[in-house]
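In my numbering, the protein residues as written are 25 to 131. A virtual CB, placed ideally from N, CA and C, is assigned to each residue, including glycine. Since the structure is predicted, the reported quantities are computational estimates derived from the model, not experimental observations.
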């Protein structure tokens, strides 16, 4: 099976998603979170570092449940961070803290 190349936007969204998971994991170890979610630590590492920018739905769902995040808020944060970065002309360098976006959307 030939996999199509990701667009730059898809790659960046995957990186934002990985950053969001890494921040949501906080002080918990990668091994602890991966085991609780039923995925390998290697899979979680690849997602967090952006090397697996399009993880399977059930992997995302398991990680979201383990980290106490809703799928809706994860999706909105991944897309909202990109929209904010595209329109941000301020001093943040176009970066939005994804966990802050999820918390704001979940409130």
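> Would you report the Cα separation of residue 37 and residue 64, rounded to the nearest angstrom?
Replying inline: For the purposes of this step, residue 37 is taken as residue 13 along the chain shown, with counting starting at 1. For the purposes of this step, residue 64 is taken as residue 40 along the chain shown, with counting starting at 1. Distance between the alpha carbons of residue 37 and residue 64: 22 Å.
>> If contacts are defined as beta-carbon pairs under 8 Å, then residue 83 and residue 67 qualify, I think. What distance do you get, rounded to the angstrom?
In response: Within the chain shown, residue 83 is the residue found at index 59, counting from 1. Within the chain shown, residue 67 is the residue found at index 43, counting from 1. Contact check for residue 83 and residue 67: beta-carbon distance about 7 Å, within the 8 Å limit, so the pair qualifies.
> Taking the Cβ atom as the reference point for each residue, do residue 57 and residue 89 lie within a distance shorter than 8 Å?
Replying inline: On the chain shown, residue 57 is found 33 positions in, with the first residue counted as 1. On the chain shown, residue 89 is found 65 positions in, with the first residue counted as 1. With respect to the 8 Å criterion, residue 57 and residue 89 are not classified as neighbours on the basis of their beta carbons.
> Which of the three DSSP states, helix, strand or coil, is assigned to residue 42?
Replying inline: Indexing the chain shown from 1 puts residue 42 at position 18. Look at residue 42 here: in three-state DSSP terms it is helix.
> Rounded to whole angstroms, how far is the Cβ of residue 95 from the Cβ of residue 45, which I believe are closer than 8 Å?
Replying inline: Locating residue 95 in the chain shown gives position 71, where the first residue counts as 1. Locating residue 45 in the chain shown gives position 21, where the first residue counts as 1. With a beta-carbon spacing of about 13 Å, residue 95 and residue 45 fall beyond the 8 Å limit used to define contacts.
> Sorted by chain position, which residues of the same chain lie with C-beta nearer than 7 Å to residue 73's C-beta, five sequence neighbours on each side aside?
Replying inline: Locating residue 73 in the chain shown gives position 49, counting from the first residue. Here residue 73 has 42 as same chain residues with Cβ atoms under 7 Å from its own Cβ, once five neighbours each way along the sequence are excluded.
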